[in-house]
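Chemist: Here you go, one structure.
Chains as they are written, first to last, in the numbering used here: chain X, 11 to 267; chain F, 2 to 251.
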């Protein structure tokens, strides 16, 4: 079961080394705290710039794609992709408001193709005292996973570097998510699936599930990693159907001063 | 297709930007990210007035995949470039400080063995000492599982990074080899730290190619695919992605 320690995600030195007791930075996290649940609905809020604040950096991770479900005898073709990352720093005016939405996690589909994923965004165009600093920052969400009957023939379905669903907007810097991969094989050995981990802050890849054990996203396929990790697709080699794993929800991080 | 959005902050414009009272970010890299041997990008940046801190975030270029002739497969996937972050702060201001910035280029695509080593990215100037993200290890191909005809020679370890407040090494690649054509063989080509999650997996033992028909390594810093060949002819490996330097100042 993944644990979430947000403070450990962002140990980098940007701005923080220069912070002192008198010029400390403020950080706000927006996300649905049910990070280990399907269909958590995400989290949206209206953030109003506090008094005395002159700038804000917005960082966001969109949600991961869900894995595909499978009935006998289907195999993961590839798993759900990770959500993309984007960031933008702007001037702000106290009293100005921005709509912040962190993507929700997906459902667990029974269809052999995942059903979608959700984008995170931060947008605003309000003004205060006649001054406006508009923002519309967004990033693609993860691509969906697929299970297929054609991959019982021994072959590698390679990972792909694709941004996923949707597009970037308004970013200073952004990184695409990646779709997962798999190796299908005859029952017995050498079958695996690689699910994409969170973009920018993730490490490596989450290898998962041997098809001969009827693993599936419902219980044993491994939980997608927050924020924005892709869900595993299902595998089964006997009766019954199994759903794909959910894609993890997104996150919006606001650093301001 | 890799995407890097510079729509609002093309680096030439940003380098000449006036001072501001809020942090701004610009990027230095060669925009031909899907081209071989793109040469990287280098520039000199003078810190504008009113700036008290600068944060440098750098990625080294990825290693190049190795070429193959019949009947070779990936012995070790090309490695990812290193990653480092460093903030320079001076309460009295950094105005006028000059920094030399270099983002490593992409590699070539040899049909021979091994692949090319990745190119480093680095920054020099006030407050920086040996600040560098090295290029990824070269990939190699081998006949070991098809019958020994070539001994793989690769870099000894990971791609180092140094001089930062935070550093992360780029992983060296790996592979699963097999004696069975048509099945199971595949390479692991790492992506760079603080980019997309990885690794980049493929191709399997019976896919012939590398010169043109494979997906490019993820930018920045991803290692290029190595080639598999199971019939006549030779194929080259894919190029390692170039490096990147991000500068945030305020």
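Ideal Cβ placement from N, Cα and C applies to all residues, glycine included. Nothing here was measured: the structure is a model prediction, and the numbers come from that model.
Give me whichever residues DSSP pairs with residue 185(X) in a beta bridge.
Modeler: DSSP output for residue 185(X) lists 95(X) as bridge partner(s).
Chemist: What does residue 185(X) reach in chain F if we use C-beta pairs closer than 7 Å?
Modeler: The contacting residues are 196 and 197.
Chemist: Chain F beta carbons: is any one of them nearer than 8 Å to that of residue 237(X)?
Modeler: With 8 Å as the cut-off, residue 237(X) does not count as an interface residue toward chain F.
Chemist: Starting from the Cα of residue 36(F), find the closest Cα among 83(F), 43(F) and 110(F) and give me that residue.
Modeler: Answer by Cα proximity: 110(F).
Chemist: So which of 67(X), 124(X), 174(X) and 236(X) has the shortest CA-CA distance to residue 254(X)?
Modeler: Nearest of 67(X), 124(X), 174(X) and 236(X) to residue 254(X), Cα basis: 124(X).
Chemist: Using only CA atoms, which one of 65(X), 45(X) and 50(X) lies nearest to residue 36(X)?
Modeler: Among 65(X), 45(X) and 50(X), the Cα nearest to that of residue 36(X) is on 65(X).
Chemist: I want to verify the contact list: residues of chain F whose CB lies under 8 Å from the CB of residue 189(X), in sequence order.
Modeler: Result: empty, since nearest Cβ-Cβ is about 10 Å, beyond 8 Å.
Chemist: So what does residue 60(F) bridge to, in DSSP terms?
Modeler: Residue 60(F) pairs with 84(F) and 245(F).
Chemist: Give the interface partners of residue 65(X) over in chain F, defined as CB-CB distance under 9 Å, in chain order.
Modeler: 21, 22, 23, 24 and 251, listed in chain order.
Chemist: Using a beta-carbon distance cut-off of less than 9 Å, what residues from the stretch 69-86 of chain X approach chain F?
Modeler: Answer in chain order: no residues at all.
Chemist: What residue does the beta strand (DSSP E) around residue 102(F) start on, and which one ends it?
Modeler: That run of the beta strand (DSSP E) goes 99-104.
Chemist: List the residues of chain F that residue 131(X) touches, going by C-beta distances under 8 Å, in chain order.
Modeler: Within chain F, no residue comes near residue 131(X); the closest Cβ sits about 15 Å away, beyond 8 Å.
Chemist: Can a CB atom of chain F be found closer than 8 Å to the CB of residue 242(X)?
Modeler: Taking Cβ atoms only, chain F never reaches closer than 8 Å to residue 242(X), which makes this a no.
Chemist: So what does DSSP say about residue 229(F), is it helix, strand or coil?
Modeler: Residue state, collapsed to three classes: coil.
Chemist: If you measure from the beta carbon of residue 175(F) to each beta carbon in chain X, is any gap under 8 Å?
Modeler: No, its Cβ sits nowhere closer than 8 Å to a Cβ of chain X.
Chemist: Judging by CA-CA distance, which residue of 189(F), 104(F), 84(F) and 112(F) is the nearest neighbour of residue 1(F)?
Modeler: Any property of residue 1(F) remains undetermined from this structure, which presents chain F solely from 2 to 251.
Chemist: What three-state label does DSSP hand residue 253(X) in the structure shown?
Modeler: Coil at residue 253(X), not helix or strand.
Chemist: Given the structure, does residue 50(X) come close to the ligand HEM, in the sense that its CB is under 7 Å from one of the ligand's heavy atoms?
Modeler: With respect to small molecules bound, the structure shown includes none, and the ligand HEM cannot be examined in it.
Chemist: I'd like to know whether the C-beta atoms of residue 164(F) and residue 83(F) end up nearer to each other than 8 Å.
Modeler: No, the pair does not count as a contact, with Cβ atoms beyond the cut-off.
Chemist: Taking 8 Å as the CB-CB cut-off, is residue 136(X) touching chain F?
Modeler: Chain F, which has no Cβ nearer than 8 Å to the Cβ of residue 136(X), makes this no.
Chemist: Candidates 237(F), 89(F) and 80(F): which alpha carbon is nearest residue 118(F)'s?
Modeler: Nearest option by C-alpha distance: 80(F).
Chemist: Check each candidate in 53(F), 51(F), 54(F) and 28(F) and name the one with the smallest Cα separation from residue 44(F).
Modeler: Closest by alpha carbon: 28(F).
Chemist: Any beta carbon from chain X within less than 8 Å of residue 28(F)'s own beta carbon?
Modeler: Cβ-Cβ to chain X under 8 Å: yes for residue 28(F).
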